[in-house]
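For the sequence shown, full-length UniProt numbering gives the first residue as 1, with consecutive numbering after it. Even glycine gets a Cβ: it sits at the ideal position worked out from N, Cα and C. All values reported here derive from a predicted model rather than from experimental measurement. These notes concern the structure reproduced below.
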Amino acid sequence: METIERLKTLVATPGISGNEKYISQFLKEAYAPYCDEILYDNLGSIYALKKGTTPKAPRVMINAHMDELGFIVRKIQENGTLLALSLGKTNGKALLGQKVKLTTRNAETFFGVILAQDKSDTVLNKENAVLLDLGFSSAEEAAAVVQLGDMVTFASEFFTSGNQEYWYAPNWNGRLSVSQTIDLLVALANETLPFDLYIGCTVQEQVGTRGAQTAANLVAPDLAIMLDTQQAWDYQKDPVDKQGVVGQGPLLTYYDPSVLPNRLLLATAKQVCDQQELMVQPYYSLEGSDAGWINKLRTGCPTLLLGQAVRNLDAGIQSASRTDYLALQTALQAFVRQLTNEQITAFKEENR
């Protein structure tokens, strides 16, 4: 499946925190032809294992998260509208009037819209809930098909700009990096590596990086690369700090509150990008990430954060650059191909 067609499918496939099974099923089919084994932890994170040539080989983990922002039904009201709790850090200012899709436990789908909750146009209330109109005229009609806890996602479709350079979707945070893992596995399918390579996706990142904890115990990596989207701060008239410029290459995160990346690992990644003549951007984040847990596994795991800048991150329509996506994939492939077991040891010893 070509990247664009895959992205369309991923964007249309619902999968919020705690309900990622549809994405997981898609990944299993996509990974299986190109790996030696498919592995799961007991929360649902999934990994494709490509075995290395070295006995007792070190383990390299390349990871994205597969949960998107969304909601779960909390209450069915007498007039047929629904209250739904937000899962993750949804941008409340961008919610009013957004088209949504409810997916029941029987995989039925219902479309609707997010309403204002009062005359002041409150959309996300103090309990972190939104009000939904899905066309039900009474609580009885809604309750016949809807259960508390059912999944609600943004329903906008994937589309591109006129010049095909910009890609738009409601869930790049939870879909772009997922697609990168597939592209990487396919690209390495016929190559031999000295280390065991685990490529996959965690669950429940949006609600506290929970899946990373159990996935790290499953893989027990010696080296980890985290893939994610980051907020672009390149389009405001007077940005306090202009960083994450869309179209200017992958992001190398040198700080987030949950992890301080390995300095030698950062320098090596930058060197690889330079050798490939790729633009690359330093980035700092004020949000935690899956890297925070994987970095602290057992006695510690050198961890790198690679990302792509996205405008309107965590809103109902987000925009990303095709050029950035392809450059990040090029950087990933080049880094993995040049990586040796001796380098992995050096990363572990860098701060001694």
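Coarse secondary structure for residue i, derived from DSSP in three states
| i | result |
| --- | --- |
| residue 146 | coil |
| residue 219 | helix |
| residue 252 | strand |
| residue 172 | coil |
| residue 55 | coil |
| residue 71 | strand |
| residue 40 | strand |
| residue 230 | strand |
| residue 110 | strand |
| residue 246 | coil |
| residue 50 | strand |
| residue 81 | coil |
| residue 90 | coil |
| residue 257 | coil |
Cβ-based burial, residue i [other Cβ within 10 Å; buried from 16]
| i | result |
| --- | --- |
| residue 353 | Residue 353 falls outside the range modelled here, since the chain spans only 1 to 352, and no answer is possible. |
| residue 148 | exposed |
| residue 368 | Within the shown structure, residues of the chain are numbered from 1 to 352, placing residue 368 beyond reach of any answer. |
| residue 101 | buried |
| residue 326 | exposed |
| residue 286 | exposed |
| residue 256 | buried |
| residue 97 | exposed |
| residue 282 | exposed |
| residue 64 | buried |
| residue 26 | buried |
| residue 179 | buried |
| residue 205 | buried |
| residue 315 | buried |
| residue 170 | buried |
Under 7 Å between C-beta atoms of residue i and residue j
| i | j | result |
| --- | --- | --- |
| residue 85 | residue 74 | yes |
| residue 41 | residue 214 | yes |
| residue 290 | residue 181 | no |
| residue 194 | residue 9 | no |
| residue 317 | residue 156 | yes |
| residue 13 | residue 70 | no |
| residue 347 | residue 252 | no |
| residue 44 | residue 29 | no |
| residue 48 | residue 22 | no |
| residue 33 | residue 341 | no |
| residue 158 | residue 7 | yes |
Residue from the options whose Cα sits closest to the Cα of residue i
| i | options | result |
| --- | --- | --- |
| residue 333 | 91, 157, 192 and 292 | 192 |
| residue 167 | 262, 295 and 4 | 4 |
| residue 165 | 97, 285, 274 and 320 | 320 |
| residue 299 | 221, 134, 124 and 63 | 221 |
| residue 260 | 227, 292 and 95 | 292 |
| residue 280 | 288, 28, 60 and 244 | 244 |
| residue 359 | 212, 141 and 117 | A question about residue 359 goes unanswered here, because the residues of the chain that appear run from 1 up to 352. |
| residue 107 | 308, 93, 151 and 270 | 151 |
| residue 331 | 268, 288 and 128 | 268 |
| residue 349 | 324, 312, 315 and 302 | 302 |
| residue 258 | 304, 104 and 237 | 304 |
| residue 277 | 204, 136 and 248 | 248 |
| residue 335 | 234, 207, 172 and 270 | 270 |
| residue 124 | 118, 111 and 92 | 92 |
Supposed close pair residue i, residue j - CB separation, criterion 8 Å
| i | j | result |
| --- | --- | --- |
| residue 382 | residue 306 | Nothing about residue 382 can be read from this structure; the chain reaches only from 1 to 352. |
| residue 133 | residue 90 | Not a contact, Cβ separation roughly 18 Å. |
| residue 95 | residue 130 | 6 Å |
| residue 199 | residue 218 | That pair is no contact at about 13 Å. |
| residue 142 | residue 76 | 5 Å |
| residue 294 | residue 216 | 5 Å |
| residue 232 | residue 311 | 5 Å |
| residue 99 | residue 113 | 6 Å |
| residue 313 | residue 209 | Not a contact, Cβ separation roughly 17 Å. |
| residue 329 | residue 183 | 5 Å |
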